[in-house]
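Report on the following structure.
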Amino acid sequence: MTDAIPTTPFLLRACSADDLPALERFAAASPVGITTLPHDRAFLTDRLQRSLHSFATEDASGEEIYLFALEDLASGAVIGISGIAARAGFNDRFYSFRNEFVVHSSKPLGVTTRIHTLHLCHDLTDVSLFISFHIDPAYLDTLAPQLLSRARLLFIAQHTERFADRIAAESAGVADDNGRCPFWDAVGRRFFGMDYPTVERLTGGRSKSFIADLMPPSPIYVPLLSDEAQWAIGQLHPIAELPFSILLDEGFDADTYLDIFDGGPTVQERLAMLKTVSRSRILTARAGPTAPERATWQLVCNTDRQHFRALLLPAVVAGETLVLDADALDRLALLSGDRVRVAEFDVPAGEPR
Amino acid sequence: MKLWHLRPARSADLPSLSRLLPNWELEAAASADNDGDDRLLLAFPGGPDEIATTPLGCIRLRRRIGLAQPRFWFHLGVRVHAAAELGMFRRERTLLLGNDHTGAAELADLCIDAPRLQPAQRARLPRLLVRAALLLLQRERRHPGPGASMPRVICALPGRRDDSGAAPFWEGLGRHFYPGNVDQALARFGELWRTHAAALLPRHPLVVSVLREAAQAAIGAIHPDAEHLRDALAECGLRAGQHVDLFDGGPVFESHLDLIDAHQPIAHCPLQLRAHVDRPAPLLIAGESDDDVWLVPGSMDAAGGVEMASATAAQVGFTQAQALWVTARGDS
Numbered sequence: 000m001t002d003a004i005p006t007t008p009f010l011l012r013a014c015s016a017d018d019l020p021a022l023e024r025f026a027a028a029s030p031v032g033i034t035t036l037p038h039d040r041a042f043l044t045d046r047l048q049r050s051l052h053s054f055a056t057e058d059a060s061g062e063e064i065y066l067f068a069l070e071d072l073a074s075g076a077v078i079g080i081s082g083i084a085a086r087a088g089f090n091d092r093f094y095s096f097r098n099e100f101v102v103h104s105s106k107p108l109g110v111t112t113r114i115h116t117l118h119l120c121h122d123l124t125d126v127s128l129f130i131s132f133h134i135d136p137a138y139l140d141t142l143a144p145q146l147l148s149r150a151r152l153l154f155i156a157q158h159t160e161r162f163a164d165r166i167a168a169e170s171a172g173v174a175d176d177n178g179r180c181p182f183w184d185a186v187g188r189r190f191f192g193m194d195y196p197t198v199e200r201l202t203g204g205r206s207k208s209f210i211a212d213l214m215p216p217s218p219i220y221v222p223l224l225s226d227e228a229q230w231a232i233g234q235l236h237p238i239a240e241l242p243f244s245i246l247l248d249e250g251f252d253a254d255t256y257l258d259i260f261d262g263g264p265t266v267q268e269r270l271a272m273l274k275t276v277s278r279s280r281i282l283t284a285r286a287g288p289t290a291p292e293r294a295t296w297q298l299v300c301n302t303d304r305q306h307f308r309a310l311l312l313p314a315v316v317a318g319e320t321l322v323l324d325a326d327a328l329d330r331l332a333l334l335s336g337d338r339v340r341v342a343e344f345d346v347p348a349g350e351p352r
Numbered sequence: 000m001k002l003w004h005l006r007p008a009r010s011a012d013l014p015s016l017s018r019l020l021p022n023w024e025l026e027a028a029a030s031a032d033n034d035g036d037d038r039l040l041l042a043f044p045g046g047p048d049e050i051a052t053t054p055l056g057c058i059r060l061r062r063r064i065g066l067a068q069p070r071f072w073f074h075l076g077v078r079v080h081a082a083a084e085l086g087m088f089r090r091e092r093t094l095l096l097g098n099d100h101t102g103a104a105e106l107a108d109l110c111i112d113a114p115r116l117q118p119a120q121r122a123r124l125p126r127l128l129v130r131a132a133l134l135l136l137q138r139e140r141r142h143p144g145p146g147a148s149m150p151r152v153i154c155a156l157p158g159r160r161d162d163s164g165a166a167p168f169w170e171g172l173g174r175h176f177y178p179g180n181v182d183q184a185l186a187r188f189g190e191l192w193r194t195h196a197a198a199l200l201p202r203h204p205l206v207v208s209v210l211r212e213a214a215q216a217a218i219g220a221i222h223p224d225a226e227h228l229r230d231a232l233a234e235c236g237l238r239a240g241q242h243v244d245l246f247d248g249g250p251v252f253e254s255h256l257d258l259i260d261a262h263q264p265i266a267h268c269p270l271q272l273r274a275h276v277d278r279p280a281p282l283l284i285a286g287e288s289d290d291d292v293w294l295v296p297g298s299m300d301a302a303g304g305v306e307m308a309s310a311t312a313a314q315v316g317f318t319q320a321q322a323l324w325v326t327a328r329g330d331s
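Chains as they are written, first to last, in numbering that gives the first Met the number 0: chain P, 0 to 352; chain R, 0 to 331.
Okay, here's the thing in structure tokens:
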């Protein structure tokens with residue numbers, strides 16, 4: 000560390016009832032393909048209430064949705080939103096395409112071919128799902144997206160009884176500003192008979208049973224799709240590149256599943272295999288002076304559910320103790336001596352800002 | 000009325016077959032010399048004394064297909080996608096590779112030497128060839144031997160080609176799975192190339208709408224040159240079913256032999272020789288066992304016998320009271 004410790008002016012916390020305007024702001028800015036935040040006040044209000052209840056309830060059933068808000072502490076503005084659905088497809092199936100490769104061979108013709116196929120599946124039903132990642136573009140080059148994404152893993156690690164042991168996350172696939180989506184045009188449109196923005200509005204998720212009624216149960220043979228659609232398979236919408244890269248760095252597998260609508264990659268991995276989770280441990284917070292030469296970057300959260308808070312900051316780990324200055328303790332709503340969950344964070348090249 | 004003689008091809012016929020069949024089929028024609036399951040019937044005008052050595056047409060009769068090597072076709076089906084909550088009800092055509100016609104009889108390789116035929120004959124000869132092959136199947140069904148074929152008959156019609164001779168159906172489907180040269184595969188393996196290629200094709204149902212439009216349009220489309228064959232098959236009760244060829248998407252016509260009997264009733268009766276037959280009509284006649292078929296003038300009498308002029312019978316080698324298989328719906 001250098002002798003000047005950069006302060007991290009961001010705080011991740013559980014969403015409060017006051018965050019509805021922020022939710023509306025991010026929903027309005029969402030491109031087509033981000034299905035979990037439709038621009039609909041009633042829907043967003045309901046979703047926020049559901050999140051408040053999820054954080055508060057002692058009786059978790061699996062249908063909880065946890066929304067988090069990222070604050071710029073300098074301005075107090077909410078600059079990002081992220082969330083977790085405890086169980087994907089709760090009470091229904093959660094649909095994905097699974098990439099499979101079949102090898103066909105004809106000895107007489109001397110030909111062996113490896114054919115890429117897409118299988119409609121429910122494999123990710125009941126896994127926990129990262130949802131609603133939105134960040135103000137002005138903060139893309141800061142550590143804010145890192146905190147916004149990874150702190151969710153600390154929350155899950157701290158409250159494992161509320162989540163599955165496998166986590167998945169959808170990433171927006173290729174679509175233009177008008178919502179035209181080559182993968183949808185080649186696949187879904189043939190079965191739904193409507194354009195992508197319309198189906199997004201109607202479905203609002205991947206858990207509707209009518210998907211099974213409309214999509215073919217047999218595999219889709221990728222070589223038969225248009226070149227444009229083939230190219231779109233597993234490709235990202237530009238807005239998804241940064242959050243996707245964070246998930247890859249965590250160790251998520253990105254090769255197995257696709258979104259059934261836009262063909263974007265759906266990553267998934269066992270919770271225990273993810274970097275932040277495997278590194279995380281419980282320490283005791285102690286108030287003390289920061290020592291720049293001994294500090295390392297840490298993701299830190301309190302162990303409270305309803306008043307969950309997390310920071311990304313340089314701090315000194317001494318044995319089973321994490322030394323935090325008074326400001327950090329205060330932001331985390333901690334007192335010296337409280338337990339904290341901590342995971343060492345690898346600062347990306349060029350960071351922090 | 001002109002006599003016609005249809006008989007199985009022999010090795011000696013090979014030189015004269017090159018006008019009708021592609022090179023890769025000539026070998027198969029010769030090897031079928033003694034194979035009752037795979038007969039190439041050749042059509043010659045006139046009686047034996049006319050010494051017609053060059054056939055004007057041919058048709059292959061396979062009695063039990065797909066039992067030694069699997070045969071493949073695409074089954075054309077429909078899957079309904081309905082979602083009540085969206086008010087949607089969509090029908091999707093599907094293609095599924097399978098061996099559905101295994102064990103059926105098949106008419107194939109129908110060819111005529113068009114330049115040597117009068118325009119009217121170009122329509123009639125395919126009818127004659129189809130009727131003769133069906134007569135043999137109908138006869139066999141009345142006296143089934145061991146390993147008799149199932150009572151179904153199929154015939155795959157040539158499908159659509161584009162101006163360059165390529166098959167749009169193959170270009171839109173099969174080529175993605177077997178990029179090799181089809182002509183070379185055909186030259187090397189003959190019809191068996193389809194069996195080999197099928198190993199590379201999708202085994203799951205394919206949604207037709209995923210294929211490009213030219214390939215979709217070629218499903219079940221008939222090559223313009225095959226219209227006479229289509230008409231001949233239709234007259235005998237064969238119709239396009241739910242299968243298409245895996246290469247060009249041409250329709251597979253099919254029928255149950257019961258339906259063939261309804262369109263082409265046959266009788267098993269003794270021959271009555273007459274000095275003269277009033278108002279003779281063309282009769283298609285086969286003997287008891289061999290696969291020769293004759294188109295000759297004669298008549299069916301009210302007692303269920305067949306009458307023929309002695310001179311005609313002598314010409315084709317039939318004798319008084321000989322039991323014959325006859326259909327009055329011969330086509331001259």
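Where a beta carbon is used, it is the ideal one built from N, C-alpha and C, also for glycine.
Since we're looking at a predicted model, the values are computed, not measured.
With burial defined as no fewer than 16 other Cβ atoms inside 10 Å of the residue's Cβ, what is the status of residue i: buried or exposed?
i	result
F88(R)	exposed
L334(P)	exposed
G248(R)	buried
P264(P)	buried
P125(R)	buried
R86(P)	buried
E249(P)	buried
R211(R)	exposed
E160(P)	exposed
N33(R)	Because N33(R) carries a pLDDT of 48, less than 50, the predicted location of this residue cannot be relied on, and the following value inherits that uncertainty. Exposed, since its Cβ has fewer than 16 Cβ neighbours within 10 Å.
Measure from the alpha carbon of residue i to the alpha carbon of each residue in the options, then state which is nearest.
i	options	result
L95(R)	A310(R), A233(R), L13(R), V207(R)	V207(R)
A342(P)	P218(P), T275(P), T320(P)	T275(P)
A220(R)	H203(R), V243(R), I153(R), S15(R)	V243(R)
L69(P)	A150(P), A163(P), D184(P)	A150(P)
V339(P)	P347(P), R304(P), D345(P), V346(P)	R304(P)
R49(P)	D71(P), A16(P), A73(P), A76(P)	A16(P)
R69(R)	R130(R), G102(R), V325(R)	Correcting the residue identity first, residue 69(R) is Pro in this sequence and not Arg. With distances taken between Cα atoms, P69(R) lies closest to G102(R).
E169(P)	C180(P), N177(P), D252(P)	D252(P)
A290(P)	R12(P), L323(P), A167(P), I281(P)	L323(P)
Going by the CB atoms, is the gap between residue j and residue i shorter than 7 Å?
i	j	result
F191(P)	V198(P)	yes
A231(P)	F182(P)	yes
P242(P)	S148(P)	yes
E62(P)	F89(P)	yes
R61(R)	D37(R)	yes
G297(R)	P269(R)	no
P54(R)	K1(R)	no
T283(P)	E227(P)	no
G82(P)	L66(P)	yes
R123(R)	A217(R)	no
A198(R)	L156(R)	no
L40(R)	L5(R)	yes
Ends of the beta strand (DSSP E) at residue i?
i	result
G56(R)	56-61
Q314(R)	That residue, Q314(R), is in no beta strand (DSSP E); its alpha helix (DSSP H) goes 309-315.
V102(P)	95-105
P296(R)	292-299
I71(P)	The amino acid occupying residue 71(P) in the given sequence is Asp; Ile does not appear at that position. That run of the beta strand (DSSP E) goes 64-71.
T111(P)	110-120
How far does the alpha helix (DSSP H) with residue i in it reach, from first residue to last?
i	result
Q234(P)	Neither: Q234(P) is in no alpha helix (DSSP H) and is coded neither H nor E.
E240(P)	240-249
A82(R)	That residue, A82(R), is in no alpha helix (DSSP H); its beta strand (DSSP E) goes 72-82.
G171(R)	167-171
R278(P)	274-278
W166(P)	Per the sequence shown, the amino acid found at residue 166(P) is Ile instead of Trp. Counting along the chain, I166(P) falls outside any alpha helix (DSSP H), though it belongs to the beta strand (DSSP E) covering 165-169.
T194(R)	191-197
E287(R)	No alpha helix (DSSP H) contains E287(R), which DSSP labels as neither H nor E.
With a threshold of 6 Å, establish whether the CB of residue i neighbours any heavy atom of the ligand ZN.
i	result
V243(R)	For the ligand ZN, the structure offers nothing, since it holds no ligand at all.
Exercise. Can you list, in chain order, the residues of the segment 81-93 of chain R whose Cβ is nearer than 9 Å to any Cβ on chain C?
Worked result: The structure shown has no chain C; the protein chains it does contain are P and R.
Exercise. Touching or not, the segment 71-81 of chain R and the segment 194-205 of chain R, by the rule of three or more beta carbon pairs under 8 Å?
Worked result: yes
Exercise. Per the contact definition of three or more C-beta pairs closer than 8 Å, is the segment 271-287 of chain R in contact with the segment 188-197 of chain R?
Worked result: no
Exercise. Okay, do the segment 216-234 of chain P and the segment 116-127 of chain P touch, 3+ Cβ pairs below 8 Å being the bar?
Worked result: yes
Exercise. Touching or not, the segment 258-273 of chain P and the segment 292-311 of chain P, by the rule of three or more beta carbon pairs under 8 Å?
Worked result: no
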